[in-house]
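Residue numbers (this note's numbering): 1 to 251.
Dropping the structure here:
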């Protein structure tokens, strides 16, 4: 890590590792950022399964994922973790809290893969946005889109049965890890899986059996194994299932 000077001939080199559309967005967003933001921003490397942000900690930095994937986690009751959202390149953390005068992080963020993350002290970031109307407008629009999308996803989840919820979890895990050999073995035991998905071990075991009988997953030494073919079939099924459920509930 350490301080990284980003501007070389007017181009922010650090954003070049982002997908093209997000790279362009960042270059427009940061084109008039303050000298303090340029000087104090830095890139850090974070290993897999490490906590990037701890819920409840003081919101002292804005984090932007440059590469890799991470998961948002809440502990809504009984100190049980609930993984609710995946994040990737171009996603921001800490910004909505500060916009809302909430000076502590509301969620924890744990890396699902090794990540490269841009860190900007929140005091300099917010000073810049207060002076840069165009940048503030860009971030307000993006945050509103994000909140609307999360609300829509939450509504869809209300209609989804336990088997499909398990499929959605397995699809997320496969996409997070993107296994090199196209086969993913989950490290979590059944109790850990039930806590993350949000239903009992008994319900989990019943639905794992259903998926195994449908040849969507395999079980090796008690661990769930997802091959690419099973992942693709589950993804297709969930796409059709969600669309059908939404049509029925809107009719």
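Idealized CB from N, CA, C, for every residue including glycine.
Q) Is it a yes or a no for the region 52-60 touching the region 19-36, going by three-plus beta-carbon pairs under 8 angstroms? A) No, because fewer than three Cβ pairs between the region 52-60 and the region 19-36 fall closer than 8 angstroms, the two stretches do not touch.
Q: Express the C-alpha separation of residue 194 and residue 173 in angstroms, rounding to a whole number.
A: Approximately 14 angstroms between the Cα atoms of the pair.
Q. Can you check whether the CB of residue 177 is closer than 9 angstroms to the CB of residue 228?
A. Not a contact, by the Cβ cut-off of 9 angstroms.
Q: Give me the Cβ distance between residue 34 and residue 142, rounded to the nearest whole Å; I'm assuming they're in contact under 8 angstroms.
A: Not really, about 20 angstroms apart at Cβ, beyond 8 angstroms.
Q: Inspect the beta-carbon positions of residue 19 and residue 90 and report whether they are closer than 9 angstroms.
A: Yes, these two residues count as a Cβ contact at 9 angstroms.
Q: Mark residue 112 as exposed unless 16 or more other C-beta atoms lie within 10 angstroms of its C-beta, in which case mark it buried.
A: It counts as buried.
Q) Residues in its own chain within less than 6 angstroms of residue 217 by CB, not counting five upstream and five downstream? A) So the qualifying residues of the chain are 211, 224, 226 and 230.
Q. Any idea what DSSP makes of residue 199, helix, strand or coil?
A. Coil at residue 199, not helix or strand.
Q) residue 64 and residue 99: beta carbons closer than 9 angstroms? A) Residue 99 is positioned such that its CB atom lies no closer than 9 angstroms to that of residue 64.
Q: Grab me the residues of residue 234's own chain with a C-beta within less than 7 angstroms of its C-beta, minus the 5 sequence neighbours each way, in chain order.
A: Beyond the five residues adjoining it in sequence on each side, residue 234 comes within less than 7 angstroms, by CB distance, of 167, 170, 171 and 216 in the same chain, given in chain order.
Q. According to the Cβ coordinates, are residue 42 and residue 109 closer than 9 angstroms?
A. In this structure, the beta-carbon distance from residue 42 to residue 109 does not fall below 9 angstroms.
Q: Name the one or two DSSP bridge partners that residue 72 has.
A: DSSP, once it has assigned bridges, lists 85 and 109 as partnering residue 72.
Q. For residue 220 versus residue 185, is the C-beta distance shorter than 9 angstroms?
A. The Cβ atoms of residue 220 and residue 185 sit closer than 9 angstroms to each other.
Q.
Given a cut-off of 9 angstroms on the beta-carbon distance, is the pair residue 117 and residue 52 in contact?
A. Yes. Within cutoff.
Q. Which of the three DSSP states, helix, strand or coil, is assigned to residue 34?
A. The answer is coil: DSSP assigns residue 34 none of H, G, I, E or B.
Q) DSSP state of residue 14, grouped into three classes? A) The DSSP-derived three-state label of residue 14 is helix.
**Q.** Segments of 4+ residues assigned as alpha helix (DSSP H) that fall wholly inside the region 116-180
**A.** Every alpha helix (DSSP H) stretch that sits fully inside the region 116-180 and reaches 4 residues is listed by chain position as 122-131, 133-158 and 162-177.
Q. For residue 229, does the three-state DSSP call read helix, strand or coil?
A. When secondary structure is reduced to three states using DSSP, residue 229 falls in the helix class.
Q. By how many angstroms is the C-alpha of residue 149 removed from the C-alpha of residue 238?
A. Distance between the alpha carbons of residue 238 and residue 149 is about 18 angstroms.
Q.
My output table needs one value for residue 189: the three-state DSSP class, helix, strand or coil.
A. Three-state result, residue 189: coil.
Q. Rounded to a whole number of angstroms, what is the C-alpha to C-alpha distance between residue 201 and residue 187?
A. Computed Cα separation, rounded: 16 angstroms.
**Q.** The alpha helix (DSSP H) enclosing residue 21, as first and last residue numbers
**A.** Counting along the chain, the alpha helix (DSSP H) containing residue 21 begins and ends at 20-29.
Q. Measuring CA to CA, which of 29, 14 and 180 is closest to residue 133?
A. Here the closest residue by C-alpha is 29.
Q: Could you check if residue 155 is buried or exposed, using at least 16 other CB atoms within 10 Å of its CB as the buried criterion?
A: Residue 155 comes out exposed.
**Q.** Distance CB(residue 207)-CB(residue 135) smaller than 9 angstroms
**A.** Cβ distance not < 9 angstroms, so residue 207 and residue 135 don't count as in contact.
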